[in-house]
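Peer 1: Sharing a structure with you now.
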Amino acid sequence: MNIVWFKRDLRAYDHEPLRQAIKSGDPILCLFVFEPALISADTFDRLHRGFIVDCLRDLHASLIQLGLSLHVRHGSMPDTLEQIAADYGKISTLRSHEETGEMITYVRDRAVRTWCRQHAVEWVETPQNGVIRGPYSRDGWSRKWLDRMSAAPIELPKAPGLPCSGRAVAGPGFPALTGLDVLPPGRSAVQRGGTDAGLSLLASFLNDRGLEYRKGMSSPATAWSACSRLSPYIAWGAISLKDIYQRTRQRQQQLRADKQRKAGWMQSLSSFQGRLRWHCHFIQKLEDEPELEFQNMCRIYDGMREDSFQTSLFDAWCAGQTGYPMVDACMRALQQHGWLNFRMRAMLVSFASYHLWLDWRPTARFLARHFLDYEPGIHYTQFQMQSGVTGINSVRIYSPAKQLVDHDPTGEFVRRYVPELAAVPDTHIAEPHRMSHDEQVKTGCLIGKSYPAPIVNHQEAIAAAKREVYARRRGPEAQAECQRVYERHGSRRRPNNRR
Ligand SMILES: Cc1cc2nc3c(=O)[nH]c(=O)nc-3n(C[C@H](O)[C@H](O)[C@H](O)COP(=O)(O)OP(=O)(O)OC[C@H]3O[C@@H](n4cnc5c(N)ncnc54)[C@H](O)[C@@H]3O)c2cc1C
18 MNIVWFKRDL
28 RAYDHEPLRQ
38 AIKSGDPILC
48 LFVFEPALIS
58 ADTFDRLHRG
68 FIVDCLRDLH
78 ASLIQLGLSL
88 HVRHGSMPDT
98 LEQIAADYGK
108 ISTLRSHEET
118 GEMITYVRDR
128 AVRTWCRQHA
138 VEWVETPQNG
148 VIRGPYSRDG
158 WSRKWLDRMS
168 AAPIELPKAP
178 GLPCSGRAVA
188 GPGFPALTGL
198 DVLPPGRSAV
208 QRGGTDAGLS
218 LLASFLNDRG
228 LEYRKGMSSP
238 ATAWSACSRL
248 SPYIAWGAIS
258 LKDIYQRTRQ
268 RQQQLRADKQ
278 RKAGWMQSLS
288 SFQGRLRWHC
298 HFIQKLEDEP
308 ELEFQNMCRI
318 YDGMREDSFQ
328 TSLFDAWCAG
338 QTGYPMVDAC
348 MRALQQHGWL
358 NFRMRAMLVS
368 FASYHLWLDW
378 RPTARFLARH
388 FLDYEPGIHY
398 TQFQMQSGVT
408 GINSVRIYSP
418 AKQLVDHDPT
428 GEFVRRYVPE
438 LAAVPDTHIA
448 EPHRMSHDEQ
458 VKTGCLIGKS
468 YPAPIVNHQE
478 AIAAAKREVY
488 ARRRGPEAQA
498 ECQRVYERHG
508 SRRRPNNRR
């Protein structure tokens, strides 16, 4: 019997482990396991579970079309394998995609490997994106990424008269999963999971919404529709990165051939393609150095913030009660929808790390719980970058007031998520604490009562932060450490995409 183990690859197309299992001609058991260690982690939320359950329903329906079905279990993976072997007999092969996850999944994989060795089960893992496992060099990485993305789509083998040549292992059927998908109150406006939903989102992006991508991606008011919104589908594998890449290429070719094409499309799609590569570029760093979940990429920053953690500042940031309207609106929007655009994520982290001088580890875990698209490889490396501890990226400190003026000039977004500011005029929406007492009374927004005063002073906080960060960069030893990081993780030249 072959087991196809689904994890963050919840789809039944462009799926190499599934293809191999079907091709083997042996009976197939398709498996998804809710593992207690993973679903009780402080980075996992009901939000994720709801999305996964949607994906599982879709996956099961697609597997039925192939003559297969999905077995959903609850337990540790080695225990589950033990149980399956007891129920159905000898497992010959376990097939799955490679996963670059948190330390918990890394440890889990080691336990699975040991179990497989003890039970003479062959575990075959295959790549599912452009991330390279094992020793590799950053030089030439982009070319390899492009080769993977350009490879022919994986076709599932067909047998005459049958949907596919797979032979399903009869199982207990697909559990109802009803109690599992209840979203917490206030989270109704969260994306639903599943391959169909992901593919239709991709189609609407490539044919319609994508035109506004370049122009609209930075503003939290427009990004909701201008960005692809594909990240949760990619993170949970409901659609494949290669498929997205190839459909985008086709659309680019079509637009090139179309003399009537609207200006803006080509730039937008080329920016989008670039980000698909970033996706793997960032995950590659965690694949290469799993400790990045816990430790600074550049060790000269060790000890810089760890002992200065102020719980009251952290709590205010988490609750969207910092007195900085753009920060508060973004945090509250995120907690309602499970998504935020890149620039606003970066601003939230910059504010926590520089203004509030909070260590990135607890803030990263908090946001992981709230990002529906939580992808450890991108998340921790982006967090470190936006917190200035990579040693290879320039220090980027966002001014929340400037972000509001630049990206939400009418305050439409901020007022939607911070209703306390509803009557504050545009002239004061970025810094409501600057209103006179009379204006506060007139607008019903009493600073310190109905809306907090800024919890830190912007200018003073960032001046102190810059002093600390730059002081650590001085000297040949610090430079050598930054060079070491560049050699290991630094981005190299872009490949020529026009193949
Ligand atoms: C602190 C911080 C944490 C982040 N954590 C995550 C995370 O856990 N999961 C996640 O998918 N993205 C993360 N991002 C990256 C980025 O913000 C999201 O990928 C993007 O906002 C998702 O929306 P979208 O699918 O509409 O993106 P689009 O702009 O439409 O991009 C398409 C895809 O490209 C990839 N991508 C886009 N931007 C980036 C980027 N800067 N780095 C790497 N890949 C990118 C994503 O897979 C995304 O789905 C993080 C960014 C920051 C600053």
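Position 289 of the sequence shown, counting from 1, maps to 306 under this note's numbering, and the rest follow consecutively.
Heads up, the beta-carbon is just placed ideally off N, CA and C, and yes, glycines get one too.
Computed from a predicted model, the values in this text were never measured in an experiment.
1) When we look at the beta-carbon of residue 120 and count the other beta-carbons within 10 Å, is it buried (16 or more) or exposed?
2) Going by Cα to Cα distance, which pick from 146, 74, 504 and 207 is closest to residue 355?
3) Across the segment 441-458 and the segment 356-369, are there enough close Cβ pairs to call them in contact, namely three or more that are closer than 8 Å?
4) Could you check the C-alpha separation between residue 344 and residue 209 for me, to the nearest Å?
5) Counting beta carbon pairs with one atom in the segment 320-334 and one in the segment 467-475, are three or more of them shorter than 8 Å?
6) Just verifying my parser: in three-state terms, what is the DSSP assignment at residue 295?
7) Looking only at C-alpha atoms, which of 70, 498, 507 and 26 sits nearest to residue 260?
8) Determine whether the beta carbon atoms of residue 28 and residue 221 lie at a separation below 9 Å.
9) Taking only three categories from DSSP, how would you classify residue 45?
10) Can you list, in chain order, the residues of its chain with a C-beta nearer than 6 Å to that of residue 48? Leave out the 5 residues immediately preceding and following it.
11) What does the alpha-carbon distance come out to for the pair residue 380 and residue 84?
12) Can you tell me whether residue 434 is helix, strand or coil according to DSSP?
13) Which of the three DSSP states is assigned to residue 238 in this structure?
14) Are the CB atoms of residue 366 and residue 404 within a distance shorter than 9 Å?
15) Note down the Cα distance separating residue 514 from residue 299, rounded to an integer number of angstroms.
16) Leaving out five residues before and five after residue 33 in sequence, what residues of the same chain have Cβ atoms less than 7 Å from its Cβ?
17) Between which two residues does the alpha helix (DSSP H) containing residue 253 stretch?
18) What's the call for residue 64, buried or exposed, on a 16-neighbour Cβ count within 10 Å?
19) Just grab the DSSP bridge partners of residue 87 for me.
20) CA-CA distance, residue 166 and residue 269?
21) With distances taken between CB atoms, is the gap from residue 575 to residue 140 smaller than 9 Å?
22) Tell me whether the beta-carbon of residue 159 lies closer than 9 Å to the beta-carbon of residue 246.
23) Can you tell me which of the three DSSP states residue 172 falls into?
24) Alpha carbon to alpha carbon, how far is residue 462 from residue 150? Give it in angstroms, no decimals.
25) Suppose you measure from the CA of residue 53 to the CA of residue 69; what does that come to, to the nearest Å?
26) In the DSSP assignment, what are the bridge partners of residue 19?
27) Residue 245: beta carbon under 8 Å from a heavy atom of ligand 1?
28) What's the C-alpha gap between residue 383 and residue 60?
29) Is DSSP giving residue 33 helix, strand or coil here?
30) Only counting the same chain, and skipping five residues up and downstream in sequence, which positions put a Cβ closer than 7 Å to that of residue 191?
31) In whole angstroms, give me the CA-to-CA distance for residue 486 and residue 454.
32) How would you label residue 340, buried or exposed, when you count the other beta carbons within 10 angstroms and need 16 or more for buried?
33) How is residue 374 classed by DSSP in three states: helix, strand or coil?
34) In the segment 260-345, which residue ranges form an unbroken alpha helix (DSSP H) of at least 4 residues, counting only runs that do not cross its ends?
35) Could you tell me the distance, in whole angstroms, from the CA atom of residue 71 to the CA atom of residue 328?
36) In terms of residues, what are the limits of the beta strand (DSSP E) holding residue 356?
Peer 2: According to the structure data:
1) Here residue 120 is taken as the residue at index 103 of the sequence shown, counted from 1. When all chains shown are included, residue 120 counts as exposed.
2) Reading the sequence shown from its first residue, position 338 is the one you call residue 355. Out of 146, 74, 504 and 207, the CA that lies nearest to the CA of residue 355 is found in 207.
3) The segment 441-458 and the segment 356-369 do not touch, with fewer than 3 CB-CB distances between them shorter than 8 Å.
4) Within the sequence shown, residue 344 is the residue found at index 327, counting from 1. Within the sequence shown, residue 209 is the residue found at index 192, counting from 1. Straight-line Cα distance between these residues: approximately 26 Å.
5) Touching, yes.
6) Start at 1 with the first residue of the sequence shown, and residue 295 comes out as number 278. Helix at residue 295.
7) By 1-based counting over the sequence shown, the position of residue 260 is 243. Out of 70, 498, 507 and 26, 26 has the C-alpha closest to the C-alpha of residue 260.
8) Residue mapping note: residue 28 aligns to position 11 of the sequence shown, counting from 1. Residue mapping note: residue 221 aligns to position 204 of the sequence shown, counting from 1. No, these two residues do not count as a Cβ contact at 9 Å.
9) Counting from 1 along the sequence shown, the entry for residue 45 is found at position 28. In the structure shown, residue 45 falls within a strand segment according to DSSP collapsed to helix, strand and coil.
10) For the purposes of this step, residue 48 is taken as residue 31 along the sequence shown, with counting starting at 1. So the list reads 20, 22 and 88, once near-sequence residues are dropped.
11) Against the sequence shown, residue 380 aligns to sequence position 363. Against the sequence shown, residue 84 aligns to sequence position 67. Near 45 Å, if we compare the C-alpha coordinates of residue 84 and residue 380.
12) Taking the sequence shown and counting its residues from 1, one reaches residue 434 at position 417. In the structure shown, residue 434 sits in a helix (DSSP, three-state: H, G or I).
13) Reading the sequence shown from its first residue, position 221 is the one you call residue 238. Reduced to three states, the DSSP call for residue 238 is coil.
14) The residue labelled residue 404 in the question sits at position 387 within the sequence shown. The residue labelled residue 366 in the question sits at position 349 within the sequence shown. Contact check for residue 404 against residue 366 passes: the beta carbons are separated by less than 9 Å.
15) The residue you call residue 514 lines up with position 497 of the sequence shown. The residue you call residue 299 lines up with position 282 of the sequence shown. Residue placement at residue 514 is flagged as unreliable, the pLDDT there being 43, under the threshold of 50; a coordinate-derived value is accordingly withheld.
16) For the purposes of this step, residue 33 is taken as residue 16 along the sequence shown, with counting starting at 1. Cβ contact annotation for residue 33 (same chain, cutoff 7 Å, sequence separation greater than five): 143 and 171, in chain order.
17) On the sequence shown, position 236 is the one that residue 253 refers to. Per DSSP, residue 253 lies in no alpha helix (DSSP H) segment and is marked neither H nor E.
18) Numbered from its first residue, the sequence shown carries residue 64 at position 47. Looking at its Cβ environment, which holds 16 or more other Cβ atoms inside 10 Å, residue 64 is buried.
19) As a working note, residue 87 is residue 70 in the sequence shown. Partner(s): 47.
20) Counted from its first residue, the sequence shown places residue 166 at position 149. Counted from its first residue, the sequence shown places residue 269 at position 252. Linking residue 166 to residue 269 through their CA atoms gives a straight-line distance of about 15 Å.
21) Past the edges of the chain, shown from 18 to 516, lies residue 575, and the structure says nothing about it.
22) Position 142 of the sequence shown, counting from 1, holds the residue named residue 159. Position 229 of the sequence shown, counting from 1, holds the residue named residue 246. 9 Å or more divides the Cβ of residue 159 from the Cβ of residue 246.
23) Numbered from 1 along the sequence shown, position 155 holds the residue referred to as residue 172. In the three-state scheme derived from DSSP, where H, G and I count as helix and E and B as strand, residue 172 is classed as coil.
24) Here residue 150 corresponds to residue number 133 of the sequence shown, with the count starting at 1. Here residue 462 corresponds to residue number 445 of the sequence shown, with the count starting at 1. Distance between the alpha carbons of residue 150 and residue 462 is about 55 Å.
25) Along the sequence shown, read from residue 1 onward, the residue named residue 53 stands at position 36. Along the sequence shown, read from residue 1 onward, the residue named residue 69 stands at position 52. Across the structure, residue 53 and residue 69 are spaced so that their CA atoms are roughly 15 Å apart.
26) The residue you call residue 19 lines up with position 2 of the sequence shown. 45 and 110.
27) As a working mapping, residue 245 is identified with position 228 in the sequence shown. Proximity of the beta carbon of residue 245 to ligand 1 is indicated: a heavy atom of the ligand is located closer than 8 Å.
28) If you number the sequence shown from 1, residue 383 lands on position 366. If you number the sequence shown from 1, residue 60 lands on position 43. Cα to Cα, the separation comes out at about 7 Å.
29) Here residue 33 refers to the residue found at position 16 of the sequence shown. In the structure shown, residue 33 sits in a helix (DSSP, three-state: H, G or I).
30) Start at 1 with the first residue of the sequence shown, and residue 191 comes out as number 174. Spatial neighbours of residue 191 in its own chain (CB-CB distance under 7 Å, excluding positions within 5 residues in sequence) are listed in chain order as 77, 86, 87 and 89.
31) The residue you call residue 486 lines up with position 469 of the sequence shown. The residue you call residue 454 lines up with position 437 of the sequence shown. Between residue 486 and residue 454, the C-alpha separation is close to 38 Å.
32) On the sequence shown, residue 340 is found 323 positions in, with the first residue counted as 1. Answer is buried; the Cβ neighbour count reaches 16.
33) Counting from one through the sequence shown, the residue named residue 374 turns up at place 357. Of the three classes helix, strand and coil, the one that applies to residue 374 here is coil, per DSSP.
34) Runs of the alpha helix (DSSP H) spanning 4 or more residues and lying entirely within the segment 260-345 occur at 282-305 and 328-336, in chain order.
35) Within the sequence shown, residue 71 is the residue found at index 54, counting from 1. Within the sequence shown, residue 328 is the residue found at index 311, counting from 1. Taking the straight line from one Cα to the other gives about 36 Å.
36) Residue mapping note: residue 356 aligns to position 339 of the sequence shown, counting from 1. From DSSP, residue 356 is part of no beta strand (DSSP E); its letter is neither H nor E.
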